[in-house]
Each structure stands twice: as structure tokens, then as C-alpha cells.
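This report refers to the structure that appears directly beneath it.
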């Protein structure tokens, strides 16, 4: 009997996934178990003993305090960028530009240190991190301006600007920020006084702590403020967003700039805490790991923290497995990807 | 002439709603039957039953002497029934020829382009369709696209064509051409069911007419010798119900005033609405109702003109500011605009007020106060759910609409714009919504009530305006209503 209602078409639900919380632990264990079985098969195909490989992996991830520290250092940029992406996804803004925003954060931090008059100290570190956040935000802001101003799909804009940003890193490294005569595109070393503090014994830099704080803050904003409410409505229905009186442009700016600033911090902490210099291509591929992590975060912001740490552990373990028993590095990537895929399948459902 | 289609005592119920309540429909070969009726009168359901999209609860269909039951659209098409929808099922990027061949077995496993193109030419010439088989659909005007659908039906040997409001998207010249094509199809001995709201077209081309009202059909009547006003009367019914509102409210201040309000597909409109008054806006769907609702509520910009609420010009205000100064809005689209279905009742109740008390304190959302408020509104507006945490989407349509009305009325608005507020609701929920709106009126608010259900408009309005092609075709006091006149205004031509 219902006549078709005109003008009610075209109302996409922007983020049609939800976390399956019933028996989630059991399902995650299942997923990990399945990926172990598949990984074992692949390792056996590569003519290695899976048991030896797995013990190398475990030792690599948890073998010593130092190994755990390495894993946390790996998790840090994923957590920074991933939590920012999570709030974008929540708003239905598909930001694929973490790589570029991280790269710009790195440039911002390195440029600040190099331009600092005299011996850079704590003040220089703080200003450099702020500059990193600013530059990351700037790059995200450029994408947002193009997206909102010209109506270009945000996936396209953010993704393509990544390439520009990577080339921009090359440009500055072969010019003002470059180390002359290095034979490789990199900046001079950051003076030891401006390195991020590292936790003794574990030896990880405090980036991960800042990142966890950032993720916590975003979670608070999302659930406890009217802006967060607007973000949640925007991710579900664009029509309801307009009806509720929220500005979609304002929401998009808010989440993109937050995500850009956090990604910029990821770049800044990589430079100041890990590499101690800006290196060509230091951010490549981070963005896509961040998307994986963010997928959990978009469902439940708190989940982005364990997800990032899990990827960090998985990577460290897999790399150590590669070093110890010499499985091909491509296989390591396959195992990583497979594990994430299984976990996503086990925990996410279309709603 | 031979009977082509006989539908007997078709009944289809959706819960308590009798969409089709024992309808008979006969179509003979070489006959065009006009199927008239307001929205919700059961036309679409009847055609869905015929085409096998929904099974009837009872009744039988005989098509070309064979019983048709338990069929699906594929079998209906195979038997020779073709349905031409209001929105064409064509692929824009493909050519006419490719669209004709799509999903058609006779086009061959290896496509016989030449042969089919020739047949397209042939039929096109015979019926005067004027279609180039190699033209891209995207480049064709809507009228031509519709002819592709007709072409497809004819090539597939359809004996009965059902056209669902075929003229609603067409320019006047195209309408004329379509009617000519229909006459040619008739002279080839095909039967046509022509679903429409527009009376002049019925008089122009149909042989006979069946009018549906509230799930029941009038006996088939010949069009010869029938006047427009008789048809209009058949369509809207003769029995003018007594107005439900007895208490008159006089000497109220002017609350909403529009002067030459113009927007895309709307106006210019003039409007004056006093407190304690319900202005019912009737009309056939798609005549600017949605545009009017959105322009008044600020979701769509006005091109020119003024709009004053309690004397204050709000025409440049955003929707959020209009809400703050006392304009409430119930959109027709509950599922994606008025509600966020995957959110809880409490969150939906605060949807448009999340920056105000009690939902927000010192810039932060106050969860406790939100739940408390939600519980009190749920009790006040009889929203039946387990708790305020229940997802809005899991509720019945009536309870969903109660969330919307609770939210909009709790602000004690000066003006309420309600667009199809009872759409899809059962009688109990409908009564509840209408009572609340009348109570708001009695409290001194002004209400713009937009609906395509004429009975409802008649039941609660103080004045009635008819919207046609984005403008008011007429405005009349409730006491002075003549239904035939309303029907004429709705049909798009003044008598």
C-alpha cells in the first residue's frame, strides 16, 4: 500500500559496520588460531619448520623487554594515525591520507629542530612536536579544502596527496633539510638533546604514551561532547545531520584536522624518537596499517589501542622470524595481512 | 472485444491496513483503463499483486484465459504483462539497442545486433516512437526513455501494459505524444492500464475508468459523457465528513508569514498563519510538498521572498537557528532524516537539541540527565520500548513517530511544519499524532500540515490550501470546502 515516497532516496548509511561484541574474545582466539594454521601451512611450503618459526616469532615479540619496546615503537605511529582515522570514519569521512600527513609531520619536526637557534632542548622538542601536528593538519586541511570546496571525493584527494607529500619529502631532503654528501636522501642527525625520552629497560620512546593519550581524548570527545554526537550522527545519515542542524562542513573540518594533527605527531615522534632524522620514505605504508587499526577504532574507539599494539607485536615477531630462520620477507607480510583479515572477519559485521 | 484480464475480489492486508479490500478489475483487448485514486488508495498494491511482486491474501487473476496465481514477475512477463514504472529501468550509459537486448533471450546467446536493430526500427516506425537504436540513453530526454520501455514491452509481445503515472515526469508536449502512442497500441489490440492522478489525461485517452478509494474499487465506468468534476468527486468521495475541530480560536497574533517565498520548484507562495490555526496543505505528491517543507524548515535555501516567524525574518536563518527561535519540523522521511535508526531512543530525542539543556551542561553531554529526560518523554508521549537505550530502528512506525513528535513538541514551538506525519502509521498511532498536533494548536501554536491524505487534512485543518506544481492552486476555509473543487485544484487545472 505504501506509495513510493519521493525525495527520500539517496540516503546512504555511511559506515555500515558494527562490532560483534557477543563472545568477542572467543572469536578473536578462533581467528588467531586459524591464522596460525594457515601461516603454518605457508611456512611448511617454504620448507621451514613451522614450530621453529613460531617460537622465533614469539621470542621476537615477547622475548625480552627490549623486544617489547621495539613492538611499542612500531605501534606508536599506527596508534597516532589510526585513532585520527577512526574519528574520520565515524563521521563517514574516508580519509586515506595518513601517509602524506605523517610525512608532513616529519618535515615540520625536522625543520623546527634544524632552525632552532643554539642547542635544542625540551622547549625545542615541544615546539617541534607542535610544528609536526600543525604541518600534518595543514596537509589534511588542504585535502579538506579541495574536498569541500570543489566537491572532489575525499578518498581520491587524500590518497593522491600522499604521493605529492612523499615527493615533497624528497624535495626538501635534496635541498634545505638534506645532509650534504650522505649518498642517501636524509637529513642530518637530530642532536641528542632533542631526542624523545625513552623508557629505561624497555627502551621505547614516549610517543606511544602520547598517542594513547590522544586516542583517549578522541574517545572522550566522541562520546561526551555535542561535537562527538554530531560526528556520530554524520556517520550514520547525512540527511539527519542536516535536519539536526549540524554543519557537515564543520564536522568534516573538525575530524580531518584532528586526524591530520595526530598523523603529523606520528611523523614528528618517528623523527625525534626513532630514526632521529628525516629519511626518504619513512612514512610509506603507515597509512594503510593505520586504516586497519582504525577500522576497529571506528567501531569502538577504545579498541584502537590494543589493535595498534597487536600489529606492533605481530610485526616485530614476524621480522624476527624472518631474521632467525630465513623465511622470505614476502611471506611475513602475507602472514601479517592474513591475521588481520581473520580478526576483521571475526569481529566486524555489516549492520 | 475479448476479455484480456480479469482480477476478481483481490484482497491484500498489511497488518490492520486493508490495502486492497476485494477489488475487481477487468481489461479487454484494445482498451485503455484509467486507474485513479489518491495516494494510499491501493493502486500500487493492486498492480504489485498483478505483476506477482506480492501475493494476494485472496482473490483470483485470469489473464488471456489462463489462471495466474503464485506467479512471480518473470512469469507475469512471460505471460505477456509488462509494467512500465515511473522511474525507468534503463542503463544510461548504454544505447537504446543494448537496453532492448539486455536480459532478453531472443537477442541470442551471441547478440544479433543487426536483426534486433531492424526490429527496433520497425516497431519504432509502426508506433511512431521515433527512436534511434544507436542513441545513448543518457542523451535522450525523459519522454524518449519512456518510449524505450514501451518498445521493450512491445518487442517482448506484451499484451497488457501497465503504466504507473507515466506522465508525471514528462513535459506537456511529450505527454501529448505519449497519449498518441497509447492510442496506437490500443488499435493493435493491446490492453493498457493507465495509472494516474491527472483527470484531463484520463478524459483524453481512456475508454473506461476505475477509481480506487481506501482499498475498494468503484465499478468500471465508461469515460464517455463523464465530466472532470464527476471524476474528481469519484476520486475524493462525496461524503464530506464533519470537521473534527469545533473549538474556534479567534484574535490570535500572526505567527508565520511568507511573502512571495520562492525556491527551486516552489512558489512564489504567500502565506499567513495565525496562532491556534492549522493550515492543511493538500495536493498530489510531487507538487512541491517536500520543497515547501524543507524551505520552511531551512534545509533548503529560498531563492527570494521573505519568511517571518512572530514578526522576525527567518528566511536567511539556518535550520538550527530556526529551531531555536521556535520552528519545529517533522519530516516525511522518518527512516533517514527525522531519526537515526541505529541510535538509541534517548539519542534520537536529543538529536536537534544536543547543545542545549538538559542534554548538555558546560559543553559536555550529560548522560544522566539525557536518560532522565528520555524516560519522562517516553512516559509523556507513550513511547513503548524496553528502555531509553533501545535502538529507534527496532520500534514500530508509530513509536518512531512518537519520538519525533516528542522531540519537536517538547520545545513548545511557535510553529510546527508537519509533512506526512501519519504516513505508514496504524489508526491508533495516527489518532495519537493528530491529537497531539491539535493540542499544540489549541495551545496557540500555528501548524502547517502537509499531507496527501485528503481525509486527514479535512479532519484537522482550519484552512486548506492545495499545492499544485509548486504553487497554491486554491485556498479555502474548512467550512467552505467543496470536495469537487479540491479535486479539480489537485488535478492541476482550474475548472
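Residue numbers (the working numbering), protein chains in the order written: chain A, 2 to 352; chain B, 392 to 886.
Cβ atoms here follow ideal geometry from the backbone N, Cα and C, with glycine treated the same way.
These numbers come from a predicted model, not from an experiment.
- Secondary structure at residue 398(B): strand, using DSSP grouped into helix, strand and coil.
- Taking a Cβ-Cβ cut-off of 7 Å, the neighbours of residue 230(A) in chain B comprise 745, 756, given in sequence order.
- Using a Cβ distance threshold of 8 Å, residue 395(B) and residue 455(B) count as a contacting pair.
- For residue 721(B), the three-state secondary structure derived from DSSP is strand.
- If the five residues before and after residue 417(B) are omitted, its C-beta is found closer than 6 Å to the C-beta atoms of 397, all from its own chain and listed in chain order.
- Just so you know, the alpha carbons of residue 75(A) and residue 313(A) end up roughly 5 Å apart.
- For the options 289(A), 305(A), 297(A), the alpha carbon positioned closest to that of residue 334(A) is the one of 289(A).
- Residue 93(A) is outside the set of residues whose beta carbon lies under 8 Å from a beta carbon in chain B.
- The straight-line gap separating the alpha-carbon atoms of residue 177(A) and residue 108(A) is approximately 11 Å.
- Interface criterion not met: the Cβ of residue 158(A) is under 8 Å from no Cβ in chain B.
- Nearest to residue 319(A) by C-alpha distance, out of 303(A), 340(A), 158(A), is 340(A).
- Taking a C-beta cut-off of 7 Å against chain B, the contacting residues of the segment 231 to 251 of chain A are 234, 237, 238, 240, 241, 243, 244, 245, 246, listed in chain order.
- For residue 807(B), no Cβ of chain A is located within less than 8 Å of the residue's own Cβ.
- Contact between residue 421(B) and residue 577(B) is confirmed by a C-beta separation of about 5 Å, below the 8 Å threshold.
- Between residue 86(A) and residue 99(A) the beta-carbon gap is near 6 Å, inside 8 Å, which marks them as a contact.
- Here DSSP, grouped into helix, strand and coil, assigns residue 348(A) to helix.
- For residue 226(A), the nearest beta carbon of chain B is closer than 8 Å to its own beta carbon.
- Using a CB distance cut-off of 8 Å, residue 447(B) does not count as an interface residue toward chain A.
- Here the C-alpha atom of residue 661(B) lies approximately 34 Å from the C-alpha atom of residue 731(B).
- Counting other Cβ atoms within 10 Å of its Cβ, residue 489(B) reaches 16 or more and is therefore classed as buried.
- In chain A, no part has a C-beta under 9 Å from the C-beta of residue 780(B); the shortest such distance is about 14 Å.
- Under the Cβ criterion of 8 Å, residue 722(B) is counted among the residues facing chain A.
- For residue 462(B), there is no enclosing alpha helix (DSSP H), since its DSSP letter is neither H nor E.
- Counting along the chain, the unbroken alpha helix (DSSP H) around residue 259(A) starts and ends at 249 to 270.
- Of 143(A), 168(A), 170(A), 188(A), the smallest CA-CA separation from residue 159(A) is found for 143(A).
- Its Cα nearest to that of residue 868(B), the residue 851(B) stands out among 851(B), 879(B), 862(B), 697(B).
- DSSP places residue 286(A) in the coil class of the three-state scheme, outside both helix and strand.
- Separation of the CB atoms of residue 595(B) and residue 475(B) is rounded to 18 Å, and the pair is thereby denied contact status at 8 Å.
- Taking the C-beta atoms as reference points, residue 536(B) is found nearer than 8 Å to residue 479(B).
- One alpha carbon belongs to residue 155(A), the other to residue 91(A), and they sit about 14 Å apart.
- One Cα belongs to residue 425(B), the other to residue 557(B), and the distance between them is close to 12 Å.
- In the three-state reduction of the DSSP assignment, residue 751(B) falls in the strand class.
- Straight across, the Cα-Cα distance linking residue 135(A) with residue 765(B) is about 41 Å.
- For residue 50(A), no beta strand (DSSP E) encloses it, and the DSSP letter there is neither H nor E.
- Counting the other Cβ atoms within 10 Å of the Cβ of residue 706(B) gives 16 or more, which makes it buried.
- Linking residue 679(B) to residue 762(B) through their CA atoms gives a straight-line distance of about 38 Å.
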